[in-house]
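J.: Below: one structure in C-alpha cells.
2 protein chains.
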Amino acid sequence: MATTRTYLGASPEERRLARRETLIKAACDVYALRGYRGATVKAICDEAGLTERYFYESFANNEALFLALFQSVCEKMLNAVRAAGTAAAGTPEKKARAILTAYYRGLQAQPPQARVFVIEASDVSPAVHAIAGATFERFTDLLAEAWHGAPMRLDPMLRAGIAGAVVQIARDWIESGFARPVKAVVDAALRISSVLGAALDETNSAANKTKPVMTRKSEPSR
Amino acid sequence: MATTRTYLGASPEERRLARRETLIKAACDVYALRGYRGATVKAICDEAGLTERYFYESFANNEALFLALFQSVCEKMLNAVRAAGTAAAGTPEKKARAILTAYYRGLQAQPPQARVFVIEASDVSPAVHAIAGATFERFTDLLAEAWHGAPMRLDPMLRAGIAGAVVQIARDWIESGFARPVKAVVDAALRISSVLGAALDETNSAANKTKPVMTRKSEPSR
DNA sequence: TATTGTTGACAACGCGCATTGTCAATTACA
DNA sequence: TGTAATTGACAATGCGCGTTGTCAACAATA
Numbered sequence: 001m002a003t004t005r006t007y008l009g010a011s012p013e014e015r016r017l018a019r020r021e022t023l024i025k026a027a028c029d030v031y032a033l034r035g036y037r038g039a040t041v042k043a044i045c046d047e048a049g050l051t052e053r054y055f056y057e058s059f060a061n062n063e064a065l066f067l068a069l070f071q072s073v074c075e076k077m078l079n080a081v082r083a084a085g086t087a088a089a090g091t092p093e094k095k096a097r098a099i100l101t102a103y104y105r106g107l108q109a110q111p112p113q114a115r116v117f118v119i120e121a122s123d124v125s126p127a128v129h130a131i132a133g134a135t136f137e138r139f140t141d142l143l144a145e146a147w148h149g150a151p152m153r154l155d156p157m158l159r160a161g162i163a164g165a166v167v168q169i170a171r172d173w174i175e176s177g178f179a180r181p182v183k184a185v186v187d188a189a190l191r192i193s194s195v196l197g198a199a200l201d202e203t204n205s206a207a208n209k210t211k212p213v214m215t216r217k218s219e220p221s222r
Numbered sequence: 223m224a225t226t227r228t229y230l231g232a233s234p235e236e237r238r239l240a241r242r243e244t245l246i247k248a249a250c251d252v253y254a255l256r257g258y259r260g261a262t263v264k265a266i267c268d269e270a271g272l273t274e275r276y277f278y279e280s281f282a283n284n285e286a287l288f289l290a291l292f293q294s295v296c297e298k299m300l301n302a303v304r305a306a307g308t309a310a311a312g313t314p315e316k317k318a319r320a321i322l323t324a325y326y327r328g329l330q331a332q333p334p335q336a337r338v339f340v341i342e343a344s345d346v347s348p349a350v351h352a353i354a355g356a357t358f359e360r361f362t363d364l365l366a367e368a369w370h371g372a373p374m375r376l377d378p379m380l381r382a383g384i385a386g387a388v389v390q391i392a393r394d395w396i397e398s399g400f401a402r403p404v405k406a407v408v409d410a411a412l413r414i415s416s417v418l419g420a421a422l423d424e425t426n427s428a429a430n431k432t433k434p435v436m437t438r439k440s441e442p443s444r
C-alpha cells in the first residue's frame, strides 16, 4: 500500500495538492453559502466531489482548512491594500483614502466571502483570531504610515481602536447588503483614521529612530 | 398535578422566580469560567444546584438565558454610562471622558463578565448580536451628545466606526489582562471619539430641530 | 397520619456530525 | 493481461449534549 504510482497523468504529490486545492475552493463556496458554522466536512467534500478520506489527507480538521484559507485571504488583502497605498501619490489623506478604498472595494467585489471572513472569522478559533489581529495591526500600521509619511510606532490602544473602527464599518456595511456607496463608507473610515495624523504629530514627532523614553511598562501585543 | 401549594414558605410563583434567579447567577459564573460555548445546560444546573427540568421551566434553552442576562447587563451599563455623562460638568471633552471612563471602569470591575459580554457575546446568536448593536448605537449617541451638547443625528457609518473603536479597545484591553491603566485606555478612545465633535460641526450645524435636507436615501439600521 | 403536590437524582432517547473502516470499481505498469 | 496501487461510495463507530421521562424521597395540608 505504498503511494508511488502516477495516476491520470500526475504524481502522488501532484494529485494530493490538486485535491487540496479542490477542497479549498469547495470550502470557500460552502462557507459563503452556509457560513463556517454550517459548513460540515461532508458538505465540503460533496461540493468538492471528493470523499472524507481526502479531506483528512490534507487537513487535520475543518478549522485547519479555514485557517489556511483565511491566512491566504488576509495576505492577499494586505498586499492589495499596500499596493494601493504605494501607488497613490499626493497628500497623506489621499494615500489613506486609497488604502481604505482598496479595502472596502475588495469586500464589495466578493460579498459572500466578505461576510465569512470579516464577520464570522474572528470567533472561529483562537488561531484565526490571532491571524485577524495580526493582519489588522499591519493594516493600521499602513494607515498610520500613510498619514504620517513614514513607519511609525503606534500606541497599541489607539491602533486597536482604529482597526476596530475600520472593521466595524465593514461589518455594518456588509450586513446592510452594501446599501451605501463605497465613497460614503470610505469617508467615515477616513475621518476616523485621520486622528492618526494628529496623534502621531503630538506624541511621536521624532520617535521613529529613538524609542520614546516614557514608554509603558510592558506591551502585551494583544 | 396542579402546582398550587406553598412549599418551604413560598408560593409556586415565588419558587419559580427564585429558581430562575439562581439559574441566572449560576450561568453568569459558568459563562465566566468556561465561556458561553463551554457552558452546557448541565454545568449551569450543577452550579445552581438544580436539575435540568427547572432550567427548561424558566428558559427555552441556553441561548434564551444568555439573552436575558445580556440584555440586563447592557441596560445597567447604559444607565451607568448615561449617569456619568450627565453628572460630569464642563467641556464636551470632560463629558465624553466621563462616559468612557465609566464604561472601561465597569469592565475592569468585573473581568470575567467583561470577557464574556464584550468578547463572546456578539456571536452567540443573531438576537444577541442585535441587542449588542442597539446598545452601542445608544452608547455612541450618548458620546455624540456629549461632544456636541445636544442629541444629534449621526451618520450610521461614522457611528458604527466609533462604536467599533470603543469596543475593540475594550477587547484588546481585556485580552491583555487589563495590562494598562484605565487612563491610557480612555485616552485612546477619547481621541478617536473626538472626531464626533468635528464631524457634527461640519455636517449638521443646525440640524437638531429640522431634519437635514441632504439626508441619505435609506437607513438600514444594521 | 394519609394523601398529594413537589423536588432531586439520574436514566434514556435522539440527533448531528466528526472520524475511521470496508469493499468493489478503476487505473497504472510489468 | 494480471497484479497492485488508487479511488469512490458508503457503512460503522463514537461522542457530546440537548431534551424528556421515570421514580423514590420529601414536605404540606386535611
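From first to last, the protein sequence lines stand for chains A and B.
Just so we're aligned, residue 1 is where the first sequence starts under the numbering used here, counting upward by one.
Just so we're aligned, residue 223 is where the second sequence starts under the numbering used here, counting upward by one.
No residue lacks a Cβ here, since even glycine has one placed at the ideal position from N, Cα and C.
Note that the structure is predicted; figures quoted are calculated from it, not measured.
Check each candidate in A:ALA96, A:THR40, A:ARG105 and name the one with the smallest Cα separation from A:TRP173.
T.: Counting from 1 along the first sequence, the entry for residue 173 of chain A is found at position 173. Nearest option by C-alpha distance: A:ARG105.
J.: Where do the ends of the alpha helix (DSSP H) carrying A:ASN79 lie?
T.: Taking the first sequence and counting its residues from 1, one reaches residue 79 of chain A at position 79. Unbroken alpha helix (DSSP H) run through A:ASN79: 62 to 87.
J.: With DSSP as the reference, label B:ALA232 as helix, strand or coil.
T.: Mapped onto the second sequence, residue 232 of chain B falls at position 10. B:ALA232: strand per DSSP, three-state reduction.
J.: Cβ of B:GLY312 within 9 Å of Cβ of B:TRP369?
T.: By 1-based counting over the second sequence, the position of residue 312 of chain B is 90. By 1-based counting over the second sequence, the position of residue 369 of chain B is 147. Not a contact, by the Cβ cut-off of 9 Å.
J.: Could you list which residues in chain A have their beta carbon closer than 8 Å to that of B:ASP345, in chain order?
T.: Position 123 of the second sequence, counting from 1, holds the residue named residue 345 of chain B. Here the neighbours are GLU120, SER122, ASP123.
J.: From the beta carbon of A:VAL213, is the nearest beta carbon of chain B less than 9 Å away?
T.: One-based indexing of the first sequence puts residue 213 of chain A at position 213. Residue placement at A:VAL213 is poorly supported in this model, since its pLDDT is 34, which falls under 50; the coordinates still yield a value, given next. Chain B contact via Cβ: absent.
J.: Would you report the Cα separation of B:VAL338 and A:ARG5, rounded to the nearest angstrom?
T.: Taking the first residue of the second sequence as position 1, residue 338 of chain B is located at position 116. Taking the first residue of the first sequence as position 1, residue 5 of chain A is located at position 5. Cα-Cα distance, rounded: 53 Å.
J.: If you measure between the beta carbons of A:ASP29 and B:ALA410, is that distance less than 9 Å?
T.: Taking the first residue of the first sequence as 1, we reach residue 29 of chain A at position 29. Taking the first residue of the second sequence as 1, we reach residue 410 of chain B at position 188. Taking 9 Å as the Cβ cut-off, A:ASP29 and B:ALA410 do not qualify as a contacting pair.
J.: What residues in its chain sit with their C-beta under 7 Å from that of B:LEU300, if we drop five residues either side in the sequence?
T.: Within the second sequence, the letter at position 78 stands for residue 300 of chain B. THR357, ARG360, PHE361.
J.: Applying the criterion that 16 or more other CB atoms from any shown protein chain within 10 Å of the CB defines a buried residue, is B:THR432 buried or exposed?
T.: Residue 432 of chain B sits at position 210 when you count from the first residue of the second sequence. Confidence at B:THR432 is low in this model, with a pLDDT of 32, below 50, so its placement is unreliable and the value that follows should be read with caution. Counting Cβ neighbours within 10 Å, B:THR432 comes out exposed, since fewer than 16 surround it.
J.: Whole angstroms are fine: how far does the CA of B:TYR258 sit from the CA of A:ILE99?
T.: Along the first sequence, one-based indexing puts residue 99 of chain A at 99. Along the second sequence, one-based indexing puts residue 258 of chain B at 36. Taking the straight line joining both Cα atoms gives about 36 Å.
J.: What is the residue span of the alpha helix (DSSP H) that A:ASP123 lies within?
T.: Taking the first sequence and counting its residues from 1, one reaches residue 123 of chain A at position 123. Run containing A:ASP123: none; DSSP gives neither H nor E here.
J.: Given that A:MET157 touches chain B, what residues does it touch there, using C-beta distances under 8 Å?
T.: Looking up residue 157 of chain A in the first sequence gives position 157. In chain order: ILE391, ASP394, TRP395, ARG402, ALA406, VAL407, ASP409, ALA410, ALA411.
J.: Taking 9 Å as the threshold (beta carbon to beta carbon), is B:VAL388 in contact with chain A?
T.: Residue numbering aside, residue 388 of chain B sits at position 166 when the second sequence is read from its first letter. It does; some Cβ of chain A falls within 9 Å.
J.: Give the interface partners of A:ILE162 over in chain B, defined as CB-CB distance under 8 Å, in chain order.
T.: Residue mapping note: residue 162 of chain A aligns to position 162 of the first sequence, counting from 1. Chain B residues near A:ILE162: ALA387, ILE414.
J.: Can you list the residues of chain B that A:VAL195 reaches, using a CB-CB cut of under 9 Å?
T.: Here residue 195 of chain A corresponds to residue number 195 of the first sequence, with the count starting at 1. Simply ARG413, ILE414, SER416, VAL417.
J.: Can you give me the start and stop residues for the alpha helix (DSSP H) that A:TYR36 sits inside?
T.: Counting from 1 along the first sequence, the entry for residue 36 of chain A is found at position 36. Unbroken run through A:TYR36: none, as it is neither H nor E.
J.: Taking only the alpha-carbon atoms, compute the straight-line gap between A:THR40 and A:ASN62 and give it to the nearest angstrom.
T.: Position 40 of the first sequence holds residue 40 of chain A. Position 62 of the first sequence holds residue 62 of chain A. A:THR40 and A:ASN62: Cα-Cα distance of roughly 8 Å.
J.: Going straight from the alpha carbon of A:GLU13 to that of A:ALA127, what length do you get?
T.: The sequence position of residue 13 of chain A within the first sequence is 13, counting from 1. The sequence position of residue 127 of chain A within the first sequence is 127, counting from 1. Going by the C-alpha atoms only, they are around 27 Å apart.
J.: Between B:ALA265 and chain A, is any beta-carbon pair separated by less than 9 Å?
T.: On the second sequence, residue 265 of chain B is found 43 positions in, with the first residue counted as 1. It does not; no Cβ of chain A falls within 9 Å.
J.: Rounded to a whole number of angstroms, what is the C-alpha to C-alpha distance between B:ILE384 and A:GLY9?
T.: Taking the second sequence and counting its residues from 1, the one referred to as residue 384 of chain B is at position 162. Taking the first sequence and counting its residues from 1, the one referred to as residue 9 of chain A is at position 9. In a straight line, the C-alpha of B:ILE384 is about 56 Å away from that of A:GLY9.
J.: Does A:LYS25 pass the burial test, meaning 16 or more other C-beta atoms within 10 Å, or should it be called exposed?
T.: Residue mapping note: residue 25 of chain A aligns to position 25 of the first sequence, counting from 1. When all chains shown are included, A:LYS25 counts as exposed.
J.: Closer than 8 Å: is that where the CB of B:ILE341 sits relative to any heavy atom of the ligand FMN?
T.: As far as ligands go, the structure on display features none, and thus does not contain the ligand FMN.
J.: Near B:TYR253, which residues of its chain fall below 6 Å by C-beta distance, leaving aside the five closest residues on each side in sequence?
T.: As a first step, residue 253 of chain B is located in the second sequence; it is residue number 31 there, counting from the start. Excluding residues within five positions, the ones whose Cβ falls inside 6 Å are ALA261, VAL338.
J.: Among the residues of its own chain, which have a CB less than 8 Å from the CB of A:ARG15, if the five just before and after it don't count?
T.: Numbered from 1 along the first sequence, position 15 holds the residue referred to as residue 15 of chain A. Same-chain partners within the cutoff: TYR7, LEU8.
J.: Quick check: what's the CA-CA separation for B:LEU365 versus A:ALA150?
T.: Within the second sequence, the letter at position 143 stands for residue 365 of chain B. Within the first sequence, the letter at position 150 stands for residue 150 of chain A. Going by the C-alpha atoms only, they are around 32 Å apart.
J.: Report the option in A:LEU23, A:THR51, A:LEU190, A:ARG171 whose CA atom is closest to the CA atom of A:ALA114.
T.: For the purposes of this step, residue 114 of chain A is taken as residue 114 along the first sequence, with counting starting at 1. A:ALA114 has its Cα closest to that of A:ARG171, out of A:LEU23, A:THR51, A:LEU190, A:ARG171.
J.: Against chain B, with Cβ distances strictly below 9 Å, would A:ALA198 count as a contact?
T.: Mapped onto the first sequence, residue 198 of chain A falls at position 198. Judged by the 9 Å Cβ criterion, A:ALA198 is in contact with chain B.
J.: Between the alpha carbons of A:LEU17 and A:ALA68, how many angstroms are there, rounded?
T.: Here residue 17 of chain A corresponds to residue number 17 of the first sequence, with the count starting at 1. Here residue 68 of chain A corresponds to residue number 68 of the first sequence, with the count starting at 1. Each residue's Cα considered, the two are about 14 Å apart.
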